[in-house]
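Heads up: the sequence lines are chains A and B, in that order. Residues in the first sequence are numbered consecutively from 1, following the numbering used here. Residues in the second sequence are numbered consecutively from 1001, following the numbering used here. Beta carbons are placed, not taken as given, at the ideal position from N, Cα and C, and that holds for glycine.
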Amino acid sequence: MSDVLIYAEVGRDDGGLFLKKATAEIATAARTVADATGGRVVALVPADVEQAAEKLGRYGVDAVHAVSADGFMPYQLEAHALAVTQLAGEISPALVLFAATVVGKELGAYVSGRLGAPIAADVVSLEWADGAVRVSKPMYAGKAFATVRLGERPVVSLRPNALAPVESPRDAVLEPLAVTAPAARVRLRERQAAAEKTIELTEADTIVSGGRGLGDPEKWDIVLDLAHALGAAHGASRAVVDAGWRPHSEQVGQTGKTVSPKLYVACGISGAIQHLAGMSSSKVIVAINKDPEAPIFKVADYGIVGDVHEVLPMLTEATKAFLA
Amino acid sequence: MEIIVLIKRVVATDTRVKIGADGTSIDTAGVQYIMAPYDEIAVEKAIQLKTEAGEGKVTVLTVGPNEATKELRTALAMGADEAVHLTVDGTLDAAATAGAIHAGLEGRSFDLILCGKQATDVDDAAVGPRLAALLDLPSVAFASALTIEDGKAVVSRENEGVTEVYEVDLPAVLTAQKGLAEPRYPSLKGIMKAKKKPLATDAATAPENGSTVEALNLPPARADVVTIEPTPEGMQQLLAALRNDKKVL
Ligand SMILES: Cc1cc2nc3c(=O)[nH]c(=O)nc-3n(C[C@H](O)[C@H](O)[C@H](O)COP(=O)(O)OP(=O)(O)OC[C@H]3O[C@@H](n4cnc5c(N)ncnc54)[C@H](O)[C@@H]3O)c2cc1C
Ligand SMILES: Nc1ncnc2c1ncn2[C@@H]1O[C@H](COP(=O)(O)O)[C@@H](O)[C@H]1O
């Protein structure tokens, strides 16, 4: 009869506050566990988000505790940790679940310390088995997967996109959570939005990445053109990040971002082991490389042996026509 | 500035992972070890901050096997002043590691703890923020820029396409993302000096938390590659396959 507690991460854009996409995914995972423990799914929403109960109820959440006190928005690590631990103290959940985003990883780990709970971060699946939470967790950037049986009442963060949300509608009760924010020891000074609106790599369904095979930074447009045509996020190999062609935030790989989109298109990327580590769990991989022996073809589902400067514009045109 | 940097000995990033005979860990035969890449960035940043402040001390700390002395010496050769080695047999998870570090820090004073954003073996990104909670300190993970202004840390981090700039009270725990610093290579002089720098060794005390690794597996093998001709017809064929066979478009 143990409940599952989820932290519903809140974002802000021009339209106001909203629940992050990964919230539906963790609600779905939490529902499965709660069905097995016979408990409820309880969500903590750290702000007054419109229709939070309706939106979360659709994915199987039974109760929503929303915080409306001052000092919680924008995101505050210690305030949010206090809200989660306070609610956890009231309901003694069998599991506290976060999405493995920047905020979810940081906050999840912090909360685990406050609760003295076991932690598993960035897992790709979880289940309730023999009275414990068991997770599958990528290691070595996805070169291996560990099955871990966690100690009692763990904190877990679930990788975005690892699991498809499933609807399980119910009328979620909305209750305010009375909590007072501690004095902020971390204060947000400013937020600088990127010049162009980009899709976050770790949450993208489709990614187009470029490597040194593009030849020089002036040629990068052909990567962006294909990304735009596909509605994709764009990434890069470390070689081009190190060369200063692209920002660090776009690096895919063992020392960059680990991504698992539905479709990954690698353009002029050799497929070094560190790059493969970050993207080989993509559902479908398309590789374009002029060298038929390039290691990227070992993980690719579809391979095009050719010059990126010819193939990419061709693929972009065909994509526009195909998706029109 | 008194800075403590947490470093971890991990397998080299070009390691081809094979599963060991126990079925729960990797086969370490012939494997090379390095300081985790983000930890190198943290060490570099700490040395730079100390240099800018004109005074202070950089202490590197690891929880690891006896062999991890090598990575500590590397950090000393880069320019850290002192090292602390909390020895442990086998591996610890993030909860146990943070607990061992917390215990090992008892009685030490510092203005800042820097660690890597994640160790490139377990990829948890958890030790830093968890340790911050144990020490009851403020924390920002994934720092890609850091300066000290009027006794406070000013930290930038990327969060889903937005750069957030935070002002953080010290002492604090920060974790290093790419961009924070470019790690230097130790100089020959640095390597010679490192041999004489203090390195304290003590047995780690790690709390139990009841988690057990039941199995370690390689990812499922991928199917053979289908070759597509670099022609307009080939592109149409590819797009059709992505939509109809793979259902990803
Ligand atoms: C500690 C460490 C961590 C690392 N972490 C990462 C990481 O996180 N991510 C990462 O990506 N790398 C990482 N690397 C680097 C990695 O080892 C490779 O050096 C890097 O991935 C190579 O990038 P690349 O494929 O773009 O370049 P290259 O290896 O130079 O490959 C370029 C490819 O483009 C092809 N090509 C050339 N011209 C054309 C053309 N006109 N048309 C089509 N194809 C063409 C070539 O055949 C070649 O295969 C790491 C390395 C180390 C040591
Ligand atoms: N055994 C360890 N000893 C010292 N520091 C560690 C250890 N494990 C992890 N860390 C630090 O915590 C960071 C994050 O590690 P992790 O949470 O394991 O991904 C690493 O980059 C190190 O700075």
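Near ligand 2: K1008/B beta-carbon under 7 Å from a heavy atom: Mapped onto the second sequence, residue 1008/B falls at position 8. Yes, since a heavy atom of ligand 2 falls inside the 7 Å radius drawn around the Cβ of K1008/B.
Chain A within 8 Å of T1147/B, Cβ atoms only: Reading the second sequence from its first residue, position 147 is the one you call residue 1147/B. False, the Cβ-Cβ gap to chain A never drops below 8 Å.
When V241/A, Y264/A and I269/A are compared against G256/A, the one with the closest alpha-carbon: Reading the first sequence from its first residue, position 256 is the one you call residue 256/A. Answer by Cα proximity: V241/A.
C-beta neighbour in chain B for I119/A, strict 8 Å: Sequence index remark: in the first sequence, residue 119/A carries index 119 (1-based). Answer yes: the Cβ-Cβ gap between I119/A and chain B drops below 8 Å somewhere.
CA-to-CA distance, P1138/B to V1168/B, given in whole angstroms: Walking along the second sequence from the start, residue 1168/B turns up at place 168. Walking along the second sequence from the start, residue 1138/B turns up at place 138. Roughly 7 Å separates the two Cα atoms.
Per-residue DSSP class, three states only, for M1001/B: Counting from 1 along the second sequence, the entry for residue 1001/B is found at position 1. Coil.
Residue range of the alpha helix (DSSP H) that includes G16/A: Here residue 16/A corresponds to residue number 16 of the first sequence, with the count starting at 1. No alpha helix (DSSP H) holds G16/A; the beta strand (DSSP E) holding it covers G16 to L19.
Y1185/B classed as buried or exposed, judged by whether at least 16 other C-beta atoms fall within 10 angstroms: Walking along the second sequence from the start, residue 1185/B turns up at place 185. Under this definition Y1185/B is an exposed residue.
Listed by chain order, chain B residues near R191/A by CB distance under 9 Å: Translated into the one-based positions of the first sequence, residue 191/A becomes position 191. Simply N1159, V1162, T1163, E1164 and V1165.
Exposure of A78/A, with buried meaning 16 or more beta-carbon neighbours within 10 Å: What you label residue 78/A is simply residue 78 of the first sequence in a count that begins at 1. One detail in the question is off: residue 78/A reads as Glu in this sequence, not Ala. Classification of E78/A: buried, given that the 10 Å Cβ count is 16 or more.
Rounded straight-line distance, which links the Cα of G1064/B to that of H1102/B: Within the second sequence, numbered from 1, the residue matching residue 1102/B stands at position 102. Within the second sequence, numbered from 1, the residue matching residue 1064/B stands at position 64. Roughly 15 Å separates the two Cα atoms.
Below-8 Å beta-carbon distance, K1178/B vs any chain A residue: The residue labelled residue 1178/B in the question sits at position 178 within the second sequence. Taking Cβ atoms only, chain A reaches closer than 8 Å to K1178/B, which makes this a yes.
Ligand 2 heavy atom lying under 7 Å from the CB of L1049/B: The residue labelled residue 1049/B in the question sits at position 49 within the second sequence. For ligand 2, not one heavy atom lies less than 7 Å from the Cβ of L1049/B.
Closer than 7 Å: P1037/B CB and nearest ligand 1 heavy atom: Position 37 of the second sequence, counting from 1, holds the residue named residue 1037/B. Yes, since a heavy atom of ligand 1 falls inside the 7 Å radius drawn around the Cβ of P1037/B.
Whole-angstrom distance between Y75/A and A178/A, CA atom to CA atom: Your numbering for residue 178/A matches position 178 in the first sequence. Your numbering for residue 75/A matches position 75 in the first sequence. Approximately 17 Å, taken between the alpha carbons.
Proximal residues, the stretch 1205-1223 of chain B versus chain A, C-beta separation under 9 Å: P1207, E1208, N1209, G1210, S1211, T1212, V1213, E1214, A1215, L1216, N1217, L1218, P1219, R1222 and A1223
Test item: CB-CB of L1072/B and A1083/B under 8 Å: Your numbering for residue 1072/B matches position 72 in the second sequence. Your numbering for residue 1083/B matches position 83 in the second sequence. Yes; because the gap between Cβ atoms is below 8 Å, this pair is in contact.
Near-chain B residues of the stretch 125-148 of chain A - C-beta to any C-beta below 7 Å: P138, M139, Y140, A141, G142, K143, A144, F145, A146, T147 and V148
CB contact flag (V33/A, L126/A, <8 Å): Your numbering for residue 33/A matches position 33 in the first sequence. Your numbering for residue 126/A matches position 126 in the first sequence. Yes, these two residues count as a Cβ contact at 8 Å.
Chain B within 8 Å of R347/A, Cβ atoms only: A query on residue 347/A cannot be resolved here, the shown segment of chain A reaching from 1 to 324 and no further.
Neighbour flag for E167/A against chain B, beta carbons, 8 Å: For the purposes of this step, residue 167/A is taken as the residue at position 167 of the first sequence. Chain B, which has no Cβ nearer than 8 Å to the Cβ of E167/A, makes this no.
Listed by chain order, chain A residues near S1139/B by CB distance under 8 Å: Start at 1 with the first residue of the second sequence, and residue 1139/B comes out as number 139. Going along chain A in sequence order, the residues near S1139/B (Cβ under 8 Å) are L77, E106, Y110 and V186.
C-beta contact flag for I1003/B and L1061/B at 8 Å: Indexing the second sequence from 1 puts residue 1003/B at position 3. Indexing the second sequence from 1 puts residue 1061/B at position 61. No.
Closer than 7 Å: V1063/B CB and nearest ligand 2 heavy atom: Mapped onto the second sequence, residue 1063/B falls at position 63. Yes, the Cβ of V1063/B comes within 7 Å of a heavy atom of ligand 2.
Beta bridge counterpart(s) of E1167/B as assigned by DSSP: Taking the first residue of the second sequence as 1, we reach residue 1167/B at position 167. In the DSSP output, where bridge partners are listed per residue, E1167/B has R187/A and V1154/B.
Any non-hydrogen atom of ligand 1 within 7 Å of T1074/B CB: For the purposes of this step, residue 1074/B is taken as the residue at position 74 of the second sequence. For ligand 1, not one heavy atom lies less than 7 Å from the Cβ of T1074/B.
Contact set between D122/A and chain B, taken where Cβ atoms lie within less than 8 Å: As a working note, residue 122/A is residue 122 in the first sequence. Those are D1123, D1124 and A1125, listed as they occur along chain B.
Those runs of the alpha helix (DSSP H) which lie wholly inside the stretch 1102-1143 of chain B and span at least 4 residues: 1127-1135
Short Cβ contact (8 Å threshold) for A1077/B with G1179/B: In the second sequence, counting from the first residue as 1, residue 1077/B sits at position 77. In the second sequence, counting from the first residue as 1, residue 1179/B sits at position 179. Against a cut-off of 8 Å, the Cβ pair of G1179/B and A1077/B comes out as no contact.
Within-8 Å CB hit, K385/A to chain B: Here chain A comprises residues numbered 1 to 324, so residue 385/A is not present and cannot be evaluated.
Span of the alpha helix (DSSP H) around F297/A: For the purposes of this step, residue 297/A is taken as the residue at position 297 of the first sequence. First-last of the alpha helix (DSSP H) with F297/A: I296 to V299.
CB-CB length for L1242/B against V208/A, believed under 8 Å: As a first step, residue 1242/B is located in the second sequence; it is residue number 242 there, counting from the start. As a first step, residue 208/A is located in the first sequence; it is residue number 208 there, counting from the start. Contact flag wrong, Cβ pair sits at about 13 Å.
Whole-Å CB distance - T319/A paired with L1114/B, under 8 Å assumed: For the purposes of this step, residue 319/A is identified with residue 319 of the first sequence, where counting begins at 1. For the purposes of this step, residue 1114/B is identified with residue 114 of the second sequence, where counting begins at 1. With a Cβ gap of about 44 Å, T319/A and L1114/B do not count as contacting.
Those residues which DSSP pairs with E218/A across a bridge: Here residue 218/A refers to the residue found at position 218 of the first sequence. According to DSSP, which records beta bridges pairwise, E218/A is partnered with nothing at all.
Contacts around I181/A, its chain only, beta-carbon distance under 7 Å, and the 5 residues preceding and following it disregarded: Counting from one through the first sequence, the residue named residue 181/A turns up at place 181. In the sequence on display, residue 181/A carries Ala and not Ile. Once the five neighbours on either side are set aside, the close Cβ partners of A181/A are A69, D70, G71, F72, Q76 and A79.
Neighbour flag for E340/A against chain B, beta carbons, 8 Å: Only positions 1 to 324 of chain A appear in the structure, and residue 340/A is not among them; the question remains open.
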